[in-house]
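Per the numbering used here, residue 2 is the first one in the sequence shown, and the count goes up by one each step.
C-beta atoms are modelled at their ideal positions from N, C-alpha and C, and glycine is treated no differently.
The structure presented is a predicted model; accordingly, all values stated were derived computationally and were not measured.
For reference, the structure is listed below as structure tokens.
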Amino acid sequence: MKKHIIIAGVPRSGKSTVSSLISKTCGYQHISMDSIVAGFENCFPELGINTYADMPSTDILFNISGKIAPFIQEMIKSGEYTEIDTAMVIDIYQLLPEDYIRFIDRSHCDIYYLGTADVTPEERFRIQKKYDTPKDYTYYLPDEEIREGCVSIVEQSKLIKEQCIKYNLPYYETSKYRERVIKTIMQRIMR
């Protein structure tokens, strides 16, 4: 039986790219959690999942991660993907390493974190603008909004990187040499 794979990390770090490659190359079903989180947020406000809450971005991340991690574990545990040799690659932003360790059965699921902790917010902005395409949600945002988001992205990347070190989980810096890093991740998964 194949293990499920989670590709987690900050927005625009390469999660969807890696997840799509795994899906195409290895036959995994690609599950993008962005739509699922939005569905919970809009249909079940009583869950307290609010990506636009009036609080620091790291507090929002802690809140959503603690609620979505048990849900992901139940998806993995459901049995739908364990009876046949099909596995999921789950693409998610809001899953901190501490919640992966606390809630997810690692014997059935590997994880890889992507982030951009080793750059300043301004460097992150320039990199993002370089790679933005009309298929990316940030392509149409005003520069000032993107700059503000980059401050949060770098801050969250540092938090994720620190937790990955603490829990001995794989963290990949994608701010520089992105294509090379993605190739390295794919080689590790294909072993």
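Taking 9 Å as the threshold (C-beta atoms), are residue j and residue i in contact?
i: serine 58; j: leucine 97; result: no
i: arginine 125; j: valine 155; result: yes
i: valine 19; j: tyrosine 94; result: no
i: threonine 117; j: serine 176; result: yes
i: proline 171; j: arginine 192; result: no
i: phenylalanine 41; j: isoleucine 69; result: yes
i: isoleucine 8; j: aspartate 92; result: yes
Using DSSP bridges, identify the partner residues of residue i.
i: glutamine 157; result: None, per the DSSP bridge assignment.
i: glycine 150; result: None, per the DSSP bridge assignment.
For residue i and residue j, I'd like the C-alpha separation in whole angstroms.
i: aspartate 137; j: arginine 103; result: 32 Å
i: proline 122; j: tyrosine 173; result: 18 Å
i: aspartate 111; j: aspartate 35; result: 19 Å
i: tyrosine 56; j: glutamate 149; result: According to the sequence provided, residue 56 is methionine. The question's tyrosine does not apply to it. Answer to the nearest angstrom: the Cα atoms are 14 Å apart.
i: glutamate 75; j: threonine 185; result: 30 Å
i: asparagine 51; j: glutamine 30; result: 27 Å
Let me know the secondary structure DSSP gives residue i once reduced to three states.
i: valine 19; result: helix
i: serine 24; result: helix
i: aspartate 92; result: strand
i: leucine 142; result: coil
i: tyrosine 53; result: coil
i: alanine 39; result: helix
i: tyrosine 168; result: helix
Where do the N-terminal and C-terminal ends of the alpha helix (DSSP H) with residue i fall, by residue?
i: glycine 67; result: 58-78
i: serine 33; result: First-last for serine 33: 30-33, but that is the beta strand (DSSP E), not the alpha helix (DSSP H).
i: glutamate 174; result: Unbroken run through glutamate 174 is the beta strand (DSSP E), 172-174; no alpha helix (DSSP H).
Output the boundary residues of the beta strand (DSSP E) element that contains residue i.
i: tyrosine 1; result: What is shown of the chain runs 2 to 192, which leaves residue 1 out entirely.
i: serine 108; result: Premise fails: serine 108 is in no beta strand (DSSP E) and is neither H nor E.
i: alanine 9; result: 5-10
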